[in-house]
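Heads up, the sequence shown is in full-length UniProt numbering, so the first residue is 16 and it goes up one at a time.
C-beta atoms are modelled at their ideal positions from N, C-alpha and C, and glycine is treated no differently.
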Amino acid sequence: IFADADAASRQLAGEIAALIRERAAAGKGVVLGLATGSTPVRLYRELIRMHREEGLSFKNVITFNLDEYYGLTRDHPESYWRFMHEQLFNHIDLPAAQINLPNGTLPRGEVFGSCRAYEDKIAAAGGLDLQVLGIGRTGHIGFNEPGSTRESRTRLVTLDGLTRRDAARDFLGEANVPRHAITMGVGTILDARRIVLLAWGESKAGVLAQAVEAAPVDTLPASFLQGHPNVRFYIDGSAASALT
Ligand code: F6R
16 IFADADAASR
26 QLAGEIAALI
36 RERAAAGKGV
46 VLGLATGSTP
56 VRLYRELIRM
66 HREEGLSFKN
76 VITFNLDEYY
86 GLTRDHPESY
96 WRFMHEQLFN
106 HIDLPAAQIN
116 LPNGTLPRGE
126 VFGSCRAYED
136 KIAAAGGLDL
146 QVLGIGRTGH
156 IGFNEPGSTR
166 ESRTRLVTLD
176 GLTRRDAARD
186 FLGEANVPRH
196 AITMGVGTIL
206 DARRIVLLAW
216 GESKAGVLAQ
226 AVEAAPVDTL
236 PASFLQGHPN
246 VRFYIDGSAA
256 SALT
């Protein structure tokens with residue numbers, strides 16, 4: 016539990032930078048799993064600052080994002096492709112060929128193959144060294160909504176009503192929020208060697224307490240993180256307020 020979101024974001028950015036530099040010194044790369052949404056914005060801002068002011072290079076980094084809305088083109092204002100470029104990728108020296116997001120623009124018949132290819136690409140890169148997560152008020156990680164199994168892999172999912180309502184403001188109305196998304200599965204996330212979940216603010220307190228303190232159950236997919244050998248939640252005081 017950190018004093019505030021800035022302190023927690025700085026801590027994680029420092030750890031990511033240390034990992035990148037340590038691997039670079041050994042001539043090796045780092046595979047990062049990344050999240051979108053409001054939660055990781057401070058983390059990305061700090062990584063950009065370290066790139067500009069401290070010479071942190073991302074040339075040896077490969078990234079895989081958790082999810083993408085289904086049906087939005089890359090240039091849609093709310094696509095996660097665009098979000099990641101605006102919030103991070105456009106401001107650092109990460110080579111474009113090392114950036115990966117699920118493709119939300121394929122016809123239905125091609126989605127299954129493209130999800131398998133995403134899994135294969137993560138595996139071919141050596142697996143995720145570190146997966147950064149946020150948490151939704153439904154208890155989702157990525158877009159693994161209630162009902163997602165522990166073994167689930169990258170796939171097309173239907174977004175929960177609460178998730179769509181939470182996104183309504185960004186989309187200027189709930190009717191504009193896509194009904195489907197492509198997300199890494201819970202199993203894909205749990206395969207990461209290290210996981211850090213970030214959460215700020217009171218609106219996450221209830222779901223966070225359940226994820227940490229209740230028995231793992233598919234009605235709250237974040238609770239499956241309890242079975243992972245190297246997972247940490249970096250949270251602020253308000254997000255921690257319902258923990259017993
Ligand atoms: C984003 C993602 C989601 C968000 C979650 C929290 O890639 O997979 O699980 O992390 O919905 O969103 P914010 O940070 O906007 O509260």
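For isoleucine 197, there is no enclosing alpha helix (DSSP H); the residue is part of the beta strand (DSSP E) that begins and ends at 195-198. The segment 238-255 makes contact with the segment 191-208; the number of CB pairs closer than 8 angstroms reaches 3 or more. Excluding five sequence positions before and after proline 231, the CB atoms of its chain that fall closer than 7 angstroms to its own CB belong to Ser238, Phe239, Gln241, Gly242, given in chain order. The way I'd put it, the segment 195-204 doesn't touch the segment 219-226; fewer than three beta-carbon pairs between them come closer than 8 angstroms. Beta-bridge partners of glutamate 83 (DSSP): Ile197. Cα atoms of serine 163 and leucine 235: separation of roughly 8 angstroms, rounded to the nearest angstrom. For serine 253, the distance from the CB to the nearest heavy atom of the ligand F6R is not below 8 angstroms. The closest heavy atom of the ligand F6R lies less than 8 angstroms from the beta carbon of isoleucine 156. Within the same chain, and ignoring the five residues on either side of tryptophan 96 in sequence, the residues whose Cβ sits closer than 7 angstroms to its Cβ are Glu83, Arg89, Leu116. Around the ligand F6R, the residues whose beta-carbon falls short of 5 angstroms from at least one of its heavy atoms are Ala50, Thr51, Gly52, Ser53, Thr54, Leu81, Asp82, Gly149, Gly151, Gly157, given in chain order. For a cut-off of 8 angstroms, the C-beta gap from leucine 109 to threonine 78 is around 7 angstroms, short enough to register as a contact. For glycine 128, no beta strand (DSSP E) run applies; the uninterrupted alpha helix (DSSP H) run containing it begins and ends at 123-139, by DSSP. C-alpha of lysine 74 to C-alpha of glycine 52: approximately 24 angstroms in a straight line. In the three-state reduction of the DSSP assignment, isoleucine 77 falls in the strand class. Assignment of beta strand (DSSP E) within the segment 28-54, counting only whole runs of 3 or more residues, yields 45-49 in chain order. For arginine 60, the uninterrupted alpha helix (DSSP H) run begins and ends at 56-69, by DSSP. Per DSSP, the continuous alpha helix (DSSP H) segment holding alanine 224 begins and ends at 220-228. For leucine 177, the enclosing alpha helix (DSSP H) starts and ends at 176-182. Beta bridge pairing from DSSP links arginine 89 with no other residue.
Membership of phenylalanine 104 in any beta strand (DSSP E) is not indicated, and neither H nor E is assigned to it by DSSP. In the three-state reduction of the DSSP assignment, aspartate 21 falls in the helix class, which pools H, G and I.
The beta carbon of phenylalanine 186 is closer than 7 angstroms to those of Glu93, Val192 in its chain, skipping five residues each way along the sequence. Excluding its 5 nearest sequence neighbours in each direction, valine 172 has C-beta neighbours in its own chain below 8 angstroms: Phe158, Asn159, Glu160, Ser163, His195, Ala196, Ile197, Thr198, listed in chain order.
Going by beta carbons, lysine 219 and arginine 168 fall outside the 9 angstroms limit.
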